[in-house]
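Student:
Residue numbers (the numbering used here), protein chains in the order written: chain A, 865 to 1631; chain B, 865 to 1631.
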């Protein structure tokens, strides 16, 4: 843990007291988003202290030309960078002509931030004494509307406290912004038009290279606006537009304004009509007004929580942590738009670039399936189908043929962006997660239409890749997969990574199973897809040959599958016996030392046991867990959740709870000393899994939800809901008992600790 | 082969005819150097066509801040770049006020370049018709003096051919130069002073960061110089100084000038007295004058050739090729200065940076031992001793302790410069070559003083490294070396590379052998070194334990040592069966595909058989050669020579000759399509080895030179000399017979085809 300044609270994230050293961390933690846009918690008014400015629009990116030390054939031409978008939140404040700047004030008192997760707004308030000795109180509240997702709203109010004062509020738009993350100091935006009209302003800009057109807009309202001459109080330059609202304000009197702002983009509107699209949004906003919009915001978030909330009784920090995770996931992705995905930093920072990693399939889909309508998960799968052609091109760049598809490590539009050979070219297990997500979706929703309409083609492309990537070893008389990086990125270019080989074999079998199922049950789809993909029976036989004869490294001595060939040649010193001064090894050790050590960054063999749990006995899981976990350093934010789930299923609740703690407040307590760069959004879904799949023991078995409830001894009770095929079931677990209730009017059969039970909407089922 | 415009000639490199497309290639091929400085064959006069300007000063470099896509712990902060130095050769020419520019002339006739290797000068001549229809003849000859190695000389002459003309020659100095190879577009040079005085000019500049001070100087002489008012015909700016020499020249009359120029640097002079040092050099030059300097140059080169020449009778292209290689090696390094080394591009380009690779120890030292006084090889070994402290620091950066030394992959001052983890951190076999060179030097020269004074400490640091780098595998019950890149860089992060394990074991045994020898025979040195290095007997025992129990991968089926663990799991398709369209694989394939293929870039296991030939039987060599060569793509310039030597020793002369051809004219015929970037200097030493060790079969056995003469059927005869412990023996081989002669007055015992024979100075021994 690196910080503990966040005030524990069941529903809000709260900071009290002003500390310039935590400004950038809080800018991340208090970020707001609505799935379509996002905003770091930057101050509206000018701030000269250290700050990391960030406004983001979902799907808008810049292809930053690749920078490497030594070029390797096959590297992508660019890295898709998350773009800092034009600023719409700015409101500069002048008090008796002095510019308000918290970094320069004589004193700042009662500084308080609150991110109200229940209602979906962020408020900041403080009293500040300026250099000119005027003390003012400022209250600023803002939110990004879930209903009108191109709109943000700010209410900003200033009250002079110790004397009358001339107060000037200067709301502005600014497209002269920069990215912190840039390879070549390129200019990312080109501003085309700056327009001021009455109390409205618009800046139309477009991204370089990608040509996303964006209108950034604002409309300003103040109590005294009637008859105000905005035109003669406005200013514009080539990348900036502002309106001055100036008043003599009596001591103790509040001068407030409301700023409606946001973005209309060419992703959703005609690129030549963005200003009129912006006006439409503003019209809707102003018609409703601030209070009504806020009311609708509360309702919208209530709807989200109704489905997604997890309650924890008896541990306010755990409660705050899990809600923060659920809140951020919903701020990042609401599943309305199949062009979007879940970036690892969401709308809270620039780092990592791209929007889509295998995190989506491996960690996020279960959360969205269980807490939203199943269309949301379907949209995430559709996203990959839309990228199939690019995945085939990616594979071609690496020498594969005949429609083999390799999904990218990192992407915005389907093209690979990453450029380390050991990751880009070799961390190919990611391809397996894409197919696994189809399996997972099918198992959960029972919706076969995705397979018929899209998924089968994806599965064929992936099976083709694995068939071509495996090679026959005459020495082993088996198919081997050479030169890969597994989920444990602390091993590079290894042979026969067990996880990779296992998922490769699984992908081929999964594809063949569904080709046969389509043939038997959906002949028309089958024939259409076979023709489209030019897939012959002879090719399928060759796949089968590879799957049936895949090599898996195994230790007779330890009775475990080996993470890769030669794993036991390492010096097998456990993490417990490693000097603490050497950790985290990714900061202390050179890369070669990490590579030849036995240390595991995140679940690798155990990731396979997590995905394919039913293929193994409890004893096998226990043996592998006991073999691998002691070498695991958990230096990925995605590591503890899988181990927490497995520890829980092995009835090791203390261990499970310890792993859980490492994930749920990772950002709030800044374990990794990097929260100022943004939040770890995708790993937040892992936290949700730790409770639902770990403590709750939820699985889908034979088309039924199955639970094996457990509870950490530190908690009094916890509860969560899951949406299973449009029936919403709520489980509440207390020490010694679990109860199940159901919404709607249909009954549902579930498994509890392996026993089949029927839950009906009227009765609470208690076990 | 990519080009064949070089005119075959026994002693000169000749180009005839002007082709702008070959200008950059010729700039490399006609480069001149004298071990202390070098100069690409750039035109003296202005040229607006494609050109790669390069003037270089040995030992002067710039530490260019590392640029990577993704940083890894342990990467060096900078890459030492070979620096393009201020231009001293420039002479602009104006004919009736039109600037002479061969790229813009109406016609260029009789264009000819000659690099006279026998005498050490470069001449260029042509007739050109300018836009103003004046036709001029230009003859320019230049050389870098071997005697005064801070001095270069140019004689430049212009003759108007079709009318009288006003000719202006404007010799200049220019420090406003740039590197083509720069990571951040940094400025590499800062100019401090520009001075013009009479017919002399000086520019004092210093390198950024490294603070090398350099005075670039010139003095201009022309027949008409007496009484010429240089001062009022000179011009200077902040980075430039020029002198105008203008004359009305009659049709058919020659207007000529001599320019003396070069560099005085703070490596050899007080940095505040560089201008007076420059004046001293110019005084010596002018006192001798052009003709006398040229005469001395011829004598100096005659001295070099007297010792280093290899004659080939019956194959002018082969003769030209081998002399070109010997000439370039001598232009690059003459062994006078223990601070210098043999950069892979010498003074012919910027690429690769740094000056020292393992090439020096693995390929170059044999050449210098045999063709120079043994002090030269000793200087190369001393260079590494001077870097021992840095090598210990390099190892510490990677987590090694207790004086373990890791010599860098690339360096200027002993610090590692390279920044690919798979090379920098893992291609550690380079450390073995440093120790092997000591062994090789000792075997050849019998000079034990280097071991006593310096080498023993180097050997101890290296043995300590291998001891720490090997780890015990309980699975194999042997010591293993995990995560390395062998000489074959088409495999990365492999386990138990046979070559690396073998040389590691050898290094430890070699160190222990000499610790014991010192103890027995040089107790004082022994005790001093043991104290200085704090080396205890217990530590030595631990080394021995590692060496005695080193693991070597072996195939019982093929009866060969395996290049690394798991080598036989690959798809073993030979190069002959690989589609030609796929080659060279380093241009056609992505890196992962190269890595998982069986293809070998350069000798790896066979490199070990080359170094440690005596440890294996002829049958073992043959088996390994037949196993590995068919998978070798020879995509390193250092590959064919080792294979040529081994093919010769296996009596496969056709194969040996084919390999020889690939090396000896690599640059002249531009096999790799990159000669414009500079020459492959270090691999030229491999060509020399192909003849002396390959065809000549020279080895040192029991302290005696040993020969097994062979001759390619394509040749009538060849001969070479070697300096063995200050006795110079010449071997001449014709079809069916070999003869040996000796200089001096002492007899020498040699082995010929295994039989001991005595050569005496008076008699030719014919076999």
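Ideal Cβ placement from N, Cα and C applies to all residues, glycine included.
If you draw a straight line from the alpha carbon of residue 1279 of chain B to that of residue 1254 of chain B, how long is it in whole angstroms?
Tutor: Those two C-alpha atoms are separated by around 6 Å.
Student: For the beta strand (DSSP E) holding residue 1445 of chain A, just list the boundary residues, first then last.
Tutor: Element bounds for residue 1445 of chain A: n/a, residue is neither H nor E.
Student: Using the C-alpha atoms, what's the distance from residue 958 of chain A back to residue 913 of chain A?
Tutor: Residue 913 of chain A and residue 958 of chain A: Cα-Cα distance of roughly 18 Å.
Student: Locate the alpha helix (DSSP H) running through residue 1245 of chain B, then write down its first and last residues.
Tutor: Where residue 1245 of chain B is concerned, the enclosing alpha helix (DSSP H) stretches over 1238-1250.
Student: Does the separation of the CB atoms of residue 1464 of chain B and residue 1536 of chain B fall below 7 Å?
Tutor: Taking 7 Å as the Cβ cut-off, residue 1464 of chain B and residue 1536 of chain B do not qualify as a contacting pair.
Student: Using DSSP bridges, identify the partner residues of residue 1379 of chain A.
Tutor: Paired residue(s): none; residue 1379 of chain A is not in a bridge.
Student: For residue 1336 of chain A, which residues in chain B fall below 9 Å Cβ to Cβ?
Tutor: Result: 1435.
Student: Can you list the residues of chain A that residue 1289 of chain B reaches, using a CB-CB cut of under 7 Å?
Tutor: In chain order: 1454, 1455, 1456.
Student: May I ask you to report which of helix, strand or coil DSSP gives residue 1035 of chain B?
Tutor: If DSSP states are grouped into helix, strand and coil, residue 1035 of chain B belongs with the strands.
Student: Is the distance from the Cβ of residue 1024 of chain A to the Cβ of residue 1113 of chain A below 7 Å?
Tutor: Yes, the Cβ-Cβ distance between residue 1024 of chain A and residue 1113 of chain A is below 7 Å.
Student: Could you name the residues that DSSP lists as bridge partners for residue 985 of chain A?
Tutor: In DSSP, residue 985 of chain A forms a bridge with A:980.
Student: I want to see whether chain A comes within less than 7 Å of residue 1362 of chain B, judged by CB atoms only; does it?
Tutor: False, the Cβ-Cβ gap to chain A never drops below 7 Å.
Student: Starting from the beta carbon of residue 932 of chain A, find every residue of chain B whose beta carbon is closer than 9 Å, and list them in chain order.
Tutor: Going along chain B in sequence order, the residues near residue 932 of chain A (Cβ under 9 Å) are 931, 932, 933, 934.
Student: When Cβ atoms are compared, which residues of the region 1268-1286 of chain B fall closer than 7 Å to chain A?
Tutor: Those would be 1283, 1284, 1285, in chain order.
Student: Any beta-carbon of chain A closer than 7 Å to the one on residue 1357 of chain B?
Tutor: Residue 1357 of chain B counts as touching chain A.
Student: Using 7 Å as the threshold, is the C-beta distance between residue 1621 of chain A and residue 1576 of chain A below it?
Tutor: For residue 1621 of chain A and residue 1576 of chain A, no; Cβs fall outside 7 Å.
Student: Residue 1046 of chain A: which of A:1214, A:1101, A:1071 sits nearest, CA to CA?
Tutor: The shortest C-alpha separation from residue 1046 of chain A is found at A:1214.
Student: Starting from the C-beta of residue 995 of chain A, find all residues in its chain whose C-beta is less than 8 Å away, skip the five residues before and the five after it, and write them out in chain order.
Tutor: If we look at residue 995 of chain A and ignore the five residues flanking it on each side, its Cβ neighbours are 962, 968, 969, 970.
Student: What I want to know is whether the C-beta of residue 1609 of chain B ends up closer than 6 Å to one or more non-hydrogen atoms of the ligand COA.
Tutor: Questions concerning the ligand COA fall outside what the structure shown contains, since it holds no ligand whatsoever.
Student: Suppose you measure from the CA of residue 1021 of chain A to the CA of residue 1040 of chain B; what does that come to, to the nearest Å?
Tutor: Between residue 1021 of chain A and residue 1040 of chain B, the C-alpha separation is close to 59 Å.
Student: Closer than 7 Å between beta carbons: that is the criterion. Which residues of the region 934-950 of chain B meet it against chain C?
Tutor: Although the question refers to chain C, the structure presented lacks it and instead comprises the protein chains A and B.
Student: If you draw a straight line from the C-alpha of residue 1459 of chain A to the C-alpha of residue 1290 of chain B, how long is it?
Tutor: If you take the alpha carbons of residue 1459 of chain A and residue 1290 of chain B, they lie about 10 Å apart.
Student: Residues of chain B with CB closer than 8 Å to the CB of residue 1344 of chain A, please, in chain order.
Tutor: Ordered by position in chain B, the residues that pass the 8 Å Cβ test against residue 1344 of chain A are 1433.
Student: Based on DSSP bridge pairs, tell me the residues matched to residue 1007 of chain A.
Tutor: Beta-bridge pairing links residue 1007 of chain A to A:1017.
Student: Quick one: is residue 1087 of chain A near chain B, going by C-beta distance under 7 Å?
Tutor: Not closer than 7 Å to any Cβ of chain B, the Cβ of residue 1087 of chain A fails to qualify, so no.
Student: Tell me residue 1132 of chain B's beta-bridge partners as DSSP assigns them.
Tutor: Bridge partners of residue 1132 of chain B: none, in fact.
Student: Would you give the residue range spanned by the alpha helix (DSSP H) that residue 1466 of chain B belongs to?
Tutor: Element bounds for residue 1466 of chain B: n/a, residue is neither H nor E.
Student: Check each candidate in A:1334, A:1448, A:1316, A:1348 and name the one with the smallest Cα separation from residue 1408 of chain A.
Tutor: If we check each option's Cα against that of residue 1408 of chain A, A:1334 comes out closest.
Student: Please classify residue 1568 of chain B: does DSSP put it in a helix, a strand, or coil?
Tutor: Reduced to three states, the DSSP call for residue 1568 of chain B is strand.
Student: DSSP on residue 880 of chain B, reduced to helix/strand/coil?
Tutor: If DSSP states are grouped into helix, strand and coil, residue 880 of chain B belongs with the strands.
Student: How far does the beta strand (DSSP E) with residue 1111 of chain A in it extend, from its first residue to its last?
Tutor: From DSSP, the beta strand (DSSP E) with residue 1111 of chain A extends over 1109-1113.
Student: When you check each C-beta in the region 1458-1484 of chain B against every C-beta of chain A, which residues fall closer than 7 Å?
Tutor: Cβ contacts with chain A: 1459, 1460.
Student: Excluding the five sequence neighbours on either side, which residues of its own chain have a C-beta within less than 6 Å of the C-beta of residue 1508 of chain B, listed in chain order?
Tutor: The answer, listed in chain order, is 1520, 1523, 1524, 1554, 1558.
Student: Three Cβ pairs or more, each shorter than 8 Å: is that satisfied between the region 874-886 of chain A and the region 971-989 of chain A?
Tutor: These segments touch.
Student: So what's residue 1257 of chain B in DSSP terms, helix, strand or just coil?
Tutor: Looking at residue 1257 of chain B - three-state DSSP - the assignment turns out to be helix.
Student: Hey, does residue 1430 of chain A have any beta-carbon neighbour from chain B nearer than 7 Å?
Tutor: With 7 Å as the cut-off, residue 1430 of chain A counts as an interface residue toward chain B.
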